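Notes to accompany the following structure.
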Amino acid sequence: MYKLLIEENTSMTATVKPNFGKTSFLYEALKKGDIDIYPEFTGTVTESLLQPSPKVSHEPEQVYQVARDGIAKQDHLA
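For the sequence shown, the UniProt record's numbering gives the first residue as 1, with consecutive numbering after it.
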């Protein structure tokens, strides 16, 4: 799905590499610029990637905002 969205809405081509690695491996690759994008669950972001793990509600929009803002502040990613 991401490949289609990228290729149908931009002039870029995308390469999909399923089962490429664990979250920690992929996130480090993303931070170093070795990969451009990978999908991640907001719960994984708040529980595993943000340090320290923030307290979040069970409201999906609030969890998304905490994950988005936390990653932007912590690692300067969007």
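Note that CB positions come from ideal geometry on N, CA and C, so glycine has one too. These numbers were taken from a predicted model, which means no experiment stands behind them.
Proximity below 8 angstroms, CB of residue i to CB of residue j
i: Pro52; j: Val66; result: no
i: Glu47; j: Thr23; result: no
i: Thr42; j: Tyr64; result: yes
i: Ile35; j: Tyr2; result: no
Burial state of residue i (16 or more Cβ within 10 Å)
i: Gly33; result: exposed
i: Thr13; result: exposed
i: Leu50; result: buried
i: Val56; result: buried
**Report entry** Segment contact flag, the stretch 2–9 with the stretch 19–30, C-beta cutoff 8 angstroms, min 3 pairs
**Finding:** no
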